[in-house]
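K.L.:
Handing you a structure now.
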Amino acid sequence: MTNQSAQDYTTAVAIIGMAGRFPGAHTVDQFWDNIAGGVRSIRFFTDDELLAAGVSPETLRDPSFVKAGTVVEKADHFDARFFGYPPREAEVMDPQHRLFLECTWEALERAAYDPETYKGLIGVFAGSCYPTYLHNNLLPNAELVEDVGMLQINVGNEADSLASTVSYKLNLRGPSVAVQTFCSTSLVAVHLAYQSLITYESDITVAGGVAIAFPQGNGYHYQEGGIVSPDGYCRTFDAQAQGSVMGNGLGVVVLKRMSEALADGDQIYAVIKGSAINNDGVRKVGYTAPGLAGQTSVVVRGLNNAGVKAETISYVEAHGTATPLGDSVELASLIRAFSRGSKKKQFCALGSAKPNIGHLDRASGVTGLIKTAMALTHKQLPPLLHFEQASPDIDLENSPFYVNTELREWPVGPTPRRAGVSSFGLGGTNVHVVLEEAPELARTSPSRPHQLLVLSAKTESALDAMTANLIAHVRQQPDLNPADVAYTLQIGRSAFNHRRTLVFSDLADLVAGLESRDAGRVQTLNQTGRDRPVVFMFPGVGAQYVGMAQELYAHETAFRAVVDRCAELLKPQLGLDLRGSLYPKSGSVASLESLEQPALFAVEYALAQLLIGWGIKPQALLGEGVGEIVAATVAGVLTLEDALRLVANRAQLMQSLPAAAGLSVALSEAEVRPYLSDQIVLAAIHGPASCVLSGPPAAIDALKDRLEAAGVASESIAVQAFAPTLAAQLTALTRSLKLSAPQIPYISGVTGTWITPEQASDPAYWAQQLSQPTRLSDGLQTLLQNPQVLLEVGPAQTLSTIARQHPACTPERSGLVQSSLPAAGEQRSALAAMLGALGQLWLLGVPVDWTNFYAEEQRRRIALPTYPFERQRYWIESPARAAQLAQQATAGKRPDPADWFYQPLWQSAPLPKAEAATGRWLILADAHGLGAALADRLGRAGMPVVQVLPGDHFARLDDARFQLRSDSAADYGELLTALRDSGLLPTHVAHLWSLDSLPDAVGPERFTAAQQRGFYSLLFLTQAFSAHLMVESLQILVASQGLYAATENDITQAEHAALPGLCTVIGQENVNMTCHSVDLVLPGDNNYSALVDSLLTEVQSGRGDAAVAYRAGDRLTQSYTPLRLEATPTILRENGVYLITG
93 MTNQSAQDYT
103 TAVAIIGMAG
113 RFPGAHTVDQ
123 FWDNIAGGVR
133 SIRFFTDDEL
143 LAAGVSPETL
153 RDPSFVKAGT
163 VVEKADHFDA
173 RFFGYPPREA
183 EVMDPQHRLF
193 LECTWEALER
203 AAYDPETYKG
213 LIGVFAGSCY
223 PTYLHNNLLP
233 NAELVEDVGM
243 LQINVGNEAD
253 SLASTVSYKL
263 NLRGPSVAVQ
273 TFCSTSLVAV
283 HLAYQSLITY
293 ESDITVAGGV
303 AIAFPQGNGY
313 HYQEGGIVSP
323 DGYCRTFDAQ
333 AQGSVMGNGL
343 GVVVLKRMSE
353 ALADGDQIYA
363 VIKGSAINND
373 GVRKVGYTAP
383 GLAGQTSVVV
393 RGLNNAGVKA
403 ETISYVEAHG
413 TATPLGDSVE
423 LASLIRAFSR
433 GSKKKQFCAL
443 GSAKPNIGHL
453 DRASGVTGLI
463 KTAMALTHKQ
473 LPPLLHFEQA
483 SPDIDLENSP
493 FYVNTELREW
503 PVGPTPRRAG
513 VSSFGLGGTN
523 VHVVLEEAPE
533 LARTSPSRPH
543 QLLVLSAKTE
553 SALDAMTANL
563 IAHVRQQPDL
573 NPADVAYTLQ
583 IGRSAFNHRR
593 TLVFSDLADL
603 VAGLESRDAG
613 RVQTLNQTGR
623 DRPVVFMFPG
633 VGAQYVGMAQ
643 ELYAHETAFR
653 AVVDRCAELL
663 KPQLGLDLRG
673 SLYPKSGSVA
683 SLESLEQPAL
693 FAVEYALAQL
703 LIGWGIKPQA
713 LLGEGVGEIV
723 AATVAGVLTL
733 EDALRLVANR
743 AQLMQSLPAA
753 AGLSVALSEA
763 EVRPYLSDQI
773 VLAAIHGPAS
783 CVLSGPPAAI
793 DALKDRLEAA
803 GVASESIAVQ
813 AFAPTLAAQL
823 TALTRSLKLS
833 APQIPYISGV
843 TGTWITPEQA
853 SDPAYWAQQL
863 SQPTRLSDGL
873 QTLLQNPQVL
883 LEVGPAQTLS
893 TIARQHPACT
903 PERSGLVQSS
913 LPAAGEQRSA
923 LAAMLGALGQ
933 LWLLGVPVDW
943 TNFYAEEQRR
953 RIALPTYPFE
963 RQRYWIESPA
973 RAAQLAQQAT
983 AGKRPDPADW
993 FYQPLWQSAP
1003 LPKAEAATGR
1013 WLILADAHGL
1023 GAALADRLGR
1033 AGMPVVQVLP
1043 GDHFARLDDA
1053 RFQLRSDSAA
1063 DYGELLTALR
1073 DSGLLPTHVA
1083 HLWSLDSLPD
1093 AVGPERFTAA
1103 QQRGFYSLLF
1113 LTQAFSAHLM
1123 VESLQILVAS
1133 QGLYAATEND
1143 ITQAEHAALP
1153 GLCTVIGQEN
1163 VNMTCHSVDL
1173 VLPGDNNYSA
1183 LVDSLLTEVQ
1193 SGRGDAAVAY
1203 RAGDRLTQSY
1213 TPLRLEATPT
1223 ILRENGVYLI
1233 TG
């Protein structure tokens, strides 16, 4: 890791987001876990799977047919509703295009950029593979083609439309380029995207490729001298290399100029220092053959363009097709290129993703780039699978290269860690990209003590899934910066109608709040309005208190600056510093007596400016008393200096009068008239049946008694005194002020309707505003006619309460009335209350300027869970497949009764030697000792291991052992809670309880024991994992004894017969879980070393056979074969004579 200040990033580009779908991996993180763990995701398919994929029985018997390949899970699924596709349009769209669209959205979210709000140009460079879905499924369906039309079918399937479809659907306005160079397509796309950035055609670029052939999982034919392997293994650079296995997958990266990525706090996975592209031309054996000169040249030019020396490159992600010719030419070209600039030997590791996942064709280049970027991020050199001995054609020992065969730390030298990525296309288009590790980033600035979390989705169920995914992610990443979490979700996600907010202080508080769904903290709303207008309401005297908004003064720079400005301007008027009384030092006693109006004005005006800075622009204003002066100042009628003069003088004039008291009475304006006198005046009309009276305290007390006797409800409130003689003095004062027409409409307290420019600029109006009743009720009546948010901008909830009680405030309107600060005496954080108000505005559809919200902070975008697409199957069956399915679904049986019956067939299927075990392990340990032996082996290898034993209650025995009741679902929940809190949630589970001996007696006791230890134990454990909302991949291995009759000598235990079905369902219903059944015979000598080897090989191989049995050291797998009964010769003969008796 290097310091960014020491680097020249003039022509460098940052990888700031990545997404993909790979064999055995739904995300980039899962893909890296598989690469780092040496997992082989190339599968061998059963005959049943191949027949279901449309492979004929004749093909299965062909000796050149290889039953291997890769599968992208649920490639036929899509969230059409999210992207606005009608079902039929989604069905006739190439699944390659659909998946690429989803992954582009995910990659942009991983980069934390919302295309709707990002102001720059986002370009798209991408390519796809041959449209097999079009060829096999759509075009043969004549009725469909006639119904939909070839234009729509072509648009949804042609490679030319891949990039532009993404640009159209996501509103991306930069260059949109379809790339087609066979195998090098996606890395060429990256090169073009890089060029688009450094030439300033784009500000952000999306690049990648997709290659998925349908139907998946249908094997392939081997041809001598071709590119594919004869045995289903890809052995890149090995002496036994014979070809690749064609794979399925896609990858997308998001790129940005490095200087801007650093300035904007982007997540940076790796840095593209430079790249080069060329073509072999005619200097090679044939069009499809690799070209030594061309490959050498592109690597040399790539290094030169990056401005780095070959000896500073310590890893190369090779094209690595594993063909004898391809590997030899590639290695020779690399040796030539690197030897030009260095005589050092074996300083650079070689690798390739193809042995893990196969050759992803158009997506292979970007896949290698993603793999290398993740390796740089994790500072680890990944292993190259299946390499044992180098090809004799190449002298690796005397070259700059060596093959890395195990995961290890990536050494750092005098320069940053650097890598090269190569991709060579059929036809000779070559590309080489030079990567460098991301620099060490400066620490982020301190933030507020409270944060505002915002989440949104297009459906309620997606919002709940998003919430669950965030909880799980935060638990797994406890070191995340809470402010960066909030910032990323605010600035890097689109805002949809289903919304949720939470004010939180730290990650533990975030998790607790979201899990509790406490309605007092977690606000959820499905809002339909966008850009909803906001009205600021400013309360008058009576709401103020010492220390109001003090937390905002401490933490919000913009608020503090305005309060400080007001205090400085008021010093000549007041003869003191307002801040000393408003925010006294700890331990001192302060009062706002005589300072109520200046203090209230300063706080309310500062709050308004803070909100405006956050993007909350009021469309209208309302104020009561001094609050109307705040409204006039915000509207531009008064300058701040003049407004403060008016407020200070107004306060001093009113302070000279005798004290006054106020009474709120439940009477209309007409009903209250009889109670008015020379001493009792009408101060305000709050509602059709709510008025405020003012007068000397003794007169008000007498009136209160009189009203009580008459059965009229009343309540004492604080008011300020006023005398008619003050009107002339105020008029004289306001004549010296500059009064302008309002720039924002606001309600006049005098008339209860919109103030006119003439009124606002009339000095006499401001005397009337003080001497006449405030017609708040009429003003609220006007405002409540429209569906706009009424936000009280000031301490307490005086005006918001009055507004909710107004008859014009319907239940629908009530939710639009909000307050911003706690009242005096409330034990609530002012900052948390303000953030809560901001969250409420966002919930209601008011746009927020999140950039300005963080104007005083240096925050980072971080990788967080992306949108939880609600995917459904959109699929048109090929006519041939549809006919096959229709035949199988016929009401009658198959015509040939010999095809009605199948029997299990167990065949030998050895596994290759697997890589070392990785991950966190949970072992439900048996009583025989196999689980203990497995735990010991894993523990010695440095793996975190937890053992669980059967017991009569749940208990933690020590740091690495628990006991629980096998038949108690609650115990499994407690177990996972404890594991989560300890950071030990597993990635692998070994369920060994079905190995334990059962009661000897045949009967209910034996059956119950088997079900509790086996079926129900596995069921409850899986349910507990689902309840804890795990999103990380989980591999479950269920070991048993006597489950399968794999050989003729086997004696089975029928009590365990339900286990295989449960294993199958677990994998089908949980996208992140796989479950495999392994049947064993325990040795009599308790030497479990060989069985431990077998179990670990089973897990690490990635084969995923559903049912496996080990017998006498032989590995057997289960498939099914037709059971054909031979005809029994009849004893009857034609024209025979028979005697029937009885």
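Every number in my numbering is 92 more than the matching position in the sequence shown, counting from 1.
A virtual CB, placed ideally from N, CA and C, is assigned to each residue, including glycine.
The structure presented is a predicted model; accordingly, all values stated were derived computationally and were not measured.
Assign ILE792 to one of three DSSP states: helix, strand, or coil.
P.N.:
helix
K.L.:
Who are the near neighbours of PRO837 in its chain, counting only those whose CB is closer than 7 Å to its CB and skipping five residues on each side?
P.N.:
ALA712, TRP846
K.L.:
Assuming LEU868 and GLU716 make a contact with CB atoms under 8 Å, what is their CB distance in whole Å?
P.N.:
Contact holds; Cβ gap of about 6 Å.
K.L.:
So, does the stretch 918-931 touch the stretch 642-661, judging by three or more C-beta pairs under 8 Å?
P.N.:
yes
K.L.:
Please name the residue in GLY394, ALA281, ALA305 whose C-alpha comes closest to that of ALA34.
P.N.:
This structure cannot settle anything about residue 34, because the visible part of the chain is limited to 93 through 1234.
K.L.:
Quick check on the DSSP output: the alpha helix (DSSP H) that includes GLY632 runs from which residue to which?
P.N.:
Taken as a continuous stretch (DSSP letters only), GLY632 belongs to no alpha helix (DSSP H), as it is neither H nor E.
K.L.:
I'd like to know whether the C-beta atoms of GLY584 and ARG953 end up nearer to each other than 7 Å.
P.N.:
yes
K.L.:
Hey, which unbroken runs of the beta strand (DSSP E) at 3 residues or more fall wholly within the stretch 401-446?
P.N.:
Runs of the beta strand (DSSP E) inside the stretch 401-446: 407-409, 440-443.
K.L.:
Since I believe LYS348 is in contact with ALA106 (beta carbons under 8 Å), could you give me their beta-carbon distance rounded to a whole number of angstroms?
P.N.:
5 Å
K.L.:
Any idea which residues DSSP pairs TYR1212 with across the strands?
P.N.:
Here TYR1212 is bridged, per DSSP, to PRO996.
K.L.:
Whose CA, out of VAL595, TYR407, ALA564, PHE430, lies closest to the CA of VAL504?
P.N.:
TYR407
K.L.:
Touching or not, the stretch 270-287 and the stretch 367-386, by the rule of three or more beta carbon pairs under 8 Å?
P.N.:
Contact annotation: the stretch 270-287 touches the stretch 367-386, with at least three C-beta pairs closer than 8 Å.
K.L.:
Using a Cβ-Cβ cut-off of 8 Å (strictly less than) and excluding sequence neighbours within five positions of LEU468, which residues of its own chain qualify?
P.N.:
TYR361, ALA362, TRP502, ARG509, ALA511, LEU527, GLU528, GLU529, ALA530
K.L.:
Return the CA-CA distance between LYS830 and ALA852, expressed in angstroms with no decimal places.
P.N.:
11 Å
K.L.:
Do the stretch 561-568 and the stretch 313-321 meet, that is, are 3 or more Cβ pairs less than 8 Å apart?
P.N.:
no
K.L.:
Return the first residue and the last residue of the alpha helix (DSSP H) that ASN126 is part of.
P.N.:
120-128
K.L.:
Roughly how many angstroms lie between the CA atoms of PHE170 and ARG190, to the nearest whole one?
P.N.:
7 Å
K.L.:
Decide yes or no for the touch test of the stretch 1180-1190 against the stretch 1014-1028: beta carbon pairs closer than 8 Å, at least 3 of them.
P.N.:
yes
K.L.:
Pull the bridge partners of PRO1042 from the DSSP assignment, please.
P.N.:
LEU1056
K.L.:
TRP502 by DSSP, collapsed to three states: which one?
P.N.:
It is coil, neither helix nor strand.
K.L.:
Alpha carbons only, please: which of ALA1204, ILE1015, LEU891, HIS1045 is nearest the one belonging to VAL1130?
P.N.:
ILE1015
K.L.:
Indicate whether the contact test is met: 3 or more Cβ pairs, each with one atom in the stretch 421-432 and one in the stretch 374-385, closer than 8 Å.
P.N.:
yes
K.L.:
Give the range of the alpha helix (DSSP H) segment to which LYS463 is assigned.
P.N.:
456-470
K.L.:
Okay, do the stretch 593-612 and the stretch 222-242 touch, 3+ Cβ pairs below 8 Å being the bar?
P.N.:
Judged by Cβ distances under 8 Å, the stretch 593-612 makes no contact with the stretch 222-242, as fewer than three pairs qualify.
K.L.:
Could you check how far apart the C-beta atoms of LYS446 and ALA414 are, in whole angstroms? I think they sit under 8 Å.
P.N.:
6 Å
K.L.:
List the DSSP bridge partners of MET1165.
P.N.:
LEU1126
K.L.:
Rounded to the nearest angstrom, what separates GLN56 and GLY931 at their Cα positions?
P.N.:
Nothing about residue 56 can be reported from this structure: the residues present for the chain run from 93 to 1234 only.
K.L.:
What are the boundary residues of the beta strand (DSSP E) that TRP1013 is part of?
P.N.:
1013-1016 is the extent of the beta strand (DSSP E) around TRP1013.
K.L.:
From ALA781 to LEU883, what does the alpha carbon distance come to, in whole angstroms?
P.N.:
23 Å
K.L.:
Considering only their Cβ atoms, is the gap separating ASP1059 from GLN1241 smaller than 7 Å?
P.N.:
Coverage of the chain is limited to positions 93 through 1234, which leaves residue 1241 absent and any answer about it impossible.
K.L.:
If you run the structure through DSSP and keep just helix, strand and coil, what is THR874?
P.N.:
It is helical.
K.L.:
Can you pull the DSSP bridge partners for VAL158?
P.N.:
In the DSSP assignment, the residues bridged to VAL158 are TYR312.
K.L.:
Mark PRO903 as exposed unless 16 or more other C-beta atoms lie within 10 angstroms of its C-beta, in which case mark it buried.
P.N.:
exposed
K.L.:
Leaving out the 5 sequence neighbours to the left and right, which residues in its chain are closer than 6 Å to VAL513 when beta-carbon positions are compared?
P.N.:
Short of 6 Å from the beta carbon of VAL513, and not among the five residues preceding or following it, lie these beta carbons of its own chain, in chain order: GLU409, GLY460, LEU461, THR464, VAL525.
K.L.:
Can you tell me which residues form a DSSP beta bridge with LYS348?
P.N.:
For LYS348, which the question treats as bridged, DSSP gives the partners ALA106, ILE296.
K.L.:
If you draw a straight line from the alpha carbon of PHE136 to that of TRP124, how long is it in whole angstroms?
P.N.:
22 Å
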